[in-house]
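Numbering (our numbering), first residue to last: 26 to 203.
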Amino acid sequence: MSMTTGITPIPNVLQSQTGFAVPPPLEAEIDELITHYPVKRSASLMLLHAIQEHFGWISQEAVEWIARKLSLPPINIYELLTFYPMLRLQPMGKYQIKVCRTLSCALAGSAALHQQFCDRLGLDAHKHGPQTTVDGRFTVEFVECLASCGTAPVMMVNEDLHEGVTNTKADEIVAQCK
Ligand code: FES
Numbered sequence: 026m027s028m029t030t031g032i033t034p035i036p037n038v039l040q041s042q043t044g045f046a047v048p049p050p051l052e053a054e055i056d057e058l059i060t061h062y063p064v065k066r067s068a069s070l071m072l073l074h075a076i077q078e079h080f081g082w083i084s085q086e087a088v089e090w091i092a093r094k095l096s097l098p099p100i101n102i103y104e105l106l107t108f109y110p111m112l113r114l115q116p117m118g119k120y121q122i123k124v125c126r127t128l129s130c131a132l133a134g135s136a137a138l139h140q141q142f143c144d145r146l147g148l149d150a151h152k153h154g155p156q157t158t159v160d161g162r163f164t165v166e167f168v169e170c171l172a173s174c175g176t177a178p179v180m181m182v183n184e185d186l187h188e189g190v191t192n193t194k195a196d197e198i199v200a201q202c203k
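Next comes the structure, spelled out in structure tokens:
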């Protein structure tokens, strides 16, 4: 607890990215993007997407860079980053395994499916948020409804949707990623 204000400071969940540098073509693209908005601040989310598309995640340095670019305090970028789950606060694995945990999939056993992936990949299924293997190959996480409730349990590996995933099929999916 802060000694001066009595308010517990909010933890900074951002990670540092050594050598962060936006390449000139991306910066030119971002500068052009900003011109589409009457107020620079309105481009915040688009800049976060552009940076994430290039680097795969958003670091402390990226937040500060975007804030400088839009003449905003970094907290204005931080609050967006921590609100939208599609924005990544850490590097993701090459293969991103997303297991739906919403009702139909939960009833069809998605928790056990998630546990199976974590067990096979040496990850802790009970930790909050995305879990990534030490070799950076796999990230496993729960997500909300993937809009295929009739074929539960459903999951994705990167952009590929897998439906009616059995234990056997789950193992095959992991094997195909290696
Ligand atoms: S509940 Fe899983 S896809 Fe809708």
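Every residue gets a Cβ at the ideal spot worked out from N, C-alpha and C, and that includes glycine.
Cβ-based burial, residue i [other Cβ within 10 Å; buried from 16]
| i | result |
| --- | --- |
| Met26 | With a pLDDT of 48 at Met26, under the threshold of 50, the predicted position of this residue should be treated as unreliable, and no value is reported. |
| Lys152 | exposed |
| Glu54 | exposed |
| Pro110 | exposed |
| Phe108 | exposed |
| Thr60 | exposed |
| Ser69 | buried |
| Ala236 | Limits of the chain in this structure are 26 at one end and 203 at the other, which puts residue 236 out of reach. |
| Ala177 | buried |
Run of the beta strand (DSSP E) containing residue i, from where it starts to where it stops
| i | result |
| --- | --- |
| Gln121 | Tyr120 to Cys125 |
| Glu52 | Run containing Glu52: none in the beta strand (DSSP E); it sits in the alpha helix (DSSP H), Pro49 to Ile59. |
| Leu186 | Asp185 to His187 |
| Thr164 | Phe163 to Val168 |
| Met117 | Premise fails: Met117 is in no beta strand (DSSP E) and is neither H nor E. |
| Met181 | Met180 to Val182 |
Candidates the options: closest to residue i by CA position
| i | options | result |
| --- | --- | --- |
| Glu78 | Leu112, Gln42 and Glu57 | Leu112 |
| Leu186 | Asn192, Thr33, Ser173 and Pro36 | Ser173 |
| Gly175 | Phe167, Gly189 and Val168 | Gly189 |
| Ser135 | Val38, Asn192 and Ala92 | Asn192 |
| Pro48 | Ala75, Asp160, Ser69 and Asn37 | Ala75 |
| Gln156 | Leu114, Glu197, Leu171 and Tyr62 | Leu114 |
| Ala92 | Phe80, Gly81 and Met71 | Met71 |
| Gly44 | Phe80, Glu52, Gln140 and Val64 | Phe80 |
| Lys194 | Phe142, Pro50, Asp160 and Arg162 | Phe142 |
| Glu197 | Ala177, Asp160, Gly161 and Leu138 | Leu138 |
| Glu104 | Pro36, Ala177, Gly31 and Ile32 | Pro36 |
8 Å Cβ cutoff met for residue i and residue j
| i | j | result |
| --- | --- | --- |
| Ile83 | Leu106 | yes |
| Glu169 | Gly154 | no |
| Arg66 | Leu95 | yes |
| Cys125 | Leu171 | yes |
| Thr164 | Met117 | yes |
Element boundaries [alpha helix (DSSP H), containing residue i]
| i | result |
| --- | --- |
| Val88 | Gln85 to Lys94 |
| Lys152 | It is not in any alpha helix (DSSP H) - Lys152 carries neither H nor E in the DSSP assignment. |
| Tyr103 | Pro99 to Leu106 |
| Leu70 | Ser69 to Phe80 |
Between the region 140-153 and the region 88-98, are three or more C-beta pairs nearer than 8 Å?
no
Segment contact, 8 Å Cβ cut-off, at least three pairs: the region 100-113 with the region 122-134
no
Does the region 181-201 come close enough to the region 101-121 to have 3 or more Cβ pairs within less than 8 Å?
Contact between the region 181-201 and the region 101-121 is present, because at least three Cβ pairs lie under 8 Å.
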